[in-house]
Amino acid sequence: MSTSQLPLGRALAFLEFELAGGQIAQTNISEKAFEDLSSFRKRLQELKIPATVEKIFSDKPLAACQTDKSFLQGSNDFLLAFVLLIKPDESLLQKYCEWMTSHLNDCFWCFEVYSEVMRDYFAQSQELR
Amino acid sequence: MSQFSDELSLKELLDNCSDPRKECWESAWRVFVRRYKKYIYDVLFYRCYKYSLPRLKLELSEIINDLFEEVIILLCTNNCQALAKFRARENEAKFRAWLRIICTRKADSYIRKHYVPELLDKELGEMQNFLGSLDIEYRWQFYEDYVALLRRNQKSRRQNSERDINIFNLYVWSDFTMDMITTTPCLSAIGRRVVDVVVNRTRKFLRENRKYSL
């Protein structure tokens, strides 16, 4: 899913932790992973512009994705925005969850990607607690 | 060249096997079976063996014999239409690859029909083991079939139908624990009890509709 050393799911957990006031020290993760986290953090800042988020969500697919081009496989931005920007906002979350849930049921490929990311996210979140 | 010879080229063999009107058709098929029987058996064996289904492993030899017959029947059906349509008659590797696909699909379809429904009566762990043993393409196919079946049931019944299907899929397909499920963004407002109810209700539905399920 990610070519960096830090899987997206773990990055989501770290960033969520930081957004809640936590601090990630370089000693907690490898140097390369720490660099990757900085890249994710920077990208998250860029995504905070409402127009950017709108664009990401307007590009979402209407049906199951093609085998070799699943929407979630090609887009860290979507899950970054979904978990860290949309999730805390209940009305937005409700609006996008309806699509997300249906799409994960329609599209096996996105479901597999989503499961992998959420698995890592959960494991890292547990560690950070 | 003698048409009863085992030294027929692939093209000669397939040309003779594809046309039941030919006098040497039966002889050509005897050559075909001699040449490809082991290959077909091997493909069927390895395809069936990889499924994590204990009863299947006990009955493997019988199953492979049945499947071999089904493959030959398929190749002969409708005046050997399938074989007649195969074009790359100069290319042994392509022919074997094509034959492999036929055997693989036959095996998958057979197992799906005869062995998978009983998984619904087993502990969820066995079903999860089975799903984990599938190769990605078959998992995909299976996943779509199950979702379609669950949607047929849910359509006119209740709200949260897509949510419930998603919960079941995360639990069974991705082997998520209840805590993991309730950590995901769209399911963070539901409790473990809801997950439990949804999973059990869905399994009950699949058991009751097993004959439609695959």
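One line per chain: the protein sequences are A and B, in this order.
Numbering-wise, the first sequence is residues 86 to 214 according to our numbering.
Numbering-wise, the second sequence is residues 1082 to 1295 according to our numbering.
For each residue, glycine too, the CB sits at the ideal point set by N, CA and C.
Cα-Cα separation between residue i and residue j, rounded to whole angstroms
i, j, result
"B/W1254", "B/K1194", "19 Å"
"B/L1180", "B/I1121", "8 Å"
"B/N1322", "B/E1140", "Past the edges of chain B, shown from 1082 to 1295, lies residue 1322 of chain B, and the structure says nothing about it."
"B/E1088", "B/F1167", "20 Å"
"B/D1260", "B/S1214", "24 Å"
"A/F196", "B/L1091", "44 Å"
"A/S160", "A/E131", "15 Å"
"A/S87", "A/R204", "The pLDDT assigned to A/S87 is 48, lower than 50, so where the model puts this residue is not dependable; a value taken from the coordinates is nonetheless given after this. Going from the Cα of A/S87 to the Cα of A/R204 covers about 14 Å."
"A/S155", "A/T186", "15 Å"
"B/Q1162", "A/C192", "34 Å"
"B/A1270", "A/L178", "11 Å"
"B/K1187", "B/S1242", "33 Å"
"B/R1170", "B/R1115", "18 Å"
"A/S176", "A/L100", "22 Å"
"A/R95", "A/A149", "26 Å"
"B/R1232", "B/T1158", "35 Å"
"B/L1205", "B/C1105", "54 Å"
"A/E120", "A/I134", "23 Å"
"A/I141", "A/Y181", "12 Å"
"A/A105", "B/V1276", "27 Å"
"A/E212", "B/R1273", "21 Å"
"B/V1124", "B/R1177", "10 Å"
Range of the contiguous alpha helix (DSSP H) that encloses residue i
i, result
"A/N190", "175-191"
"B/Y1117", "1106-1130"
"B/F1162", "Residue identity check: residue 1162 of chain B is Gln in the sequence provided, not Phe. Here the alpha helix (DSSP H) through B/Q1162 covers 1141-1166."
"A/A148", "Per DSSP, A/A148 belongs to no alpha helix (DSSP H) and is neither H nor E."
"B/T1283", "1273-1289"
"B/E1093", "1091-1098"
"A/K140", "135-143"
Burial state of residue i, where buried means 16 or more other Cβ atoms lie within 10 Å
i, result
"B/I1217", "exposed"
"B/P1135", "exposed"
"B/E1107", "exposed"
"B/Y1196", "buried"
"A/D144", "exposed"
"A/Q209", "buried"
"A/P92", "buried"
"A/A110", "exposed"
"B/P1101", "exposed"
"A/S200", "buried"
"A/N113", "exposed"
Where residue i sits in the DSSP three-state scheme
i, result
"B/L1215", "coil"
"B/I1246", "helix"
"A/G94", "helix"
"A/I114", "coil"
"B/V1197", "coil"
"B/L1134", "coil"
"A/F156", "coil"
"B/N1210", "helix"
"B/A1270", "coil"
"B/T1264", "helix"
"A/N161", "helix"
"A/Q130", "helix"
"B/S1255", "coil"
"B/E1204", "coil"
"B/K1175", "helix"
"B/A1229", "helix"
"B/N1234", "helix"
"B/K1103", "coil"
"B/A1169", "coil"
The region 1088-1098 of chain B contacting the region 122-129 of chain A, beta-carbon criterion three pairs below 8 Å: no
Touching by the beta-carbon criterion (3+ pairs, under 8 Å), the region 163-179 of chain A and the region 1223-1234 of chain B: no
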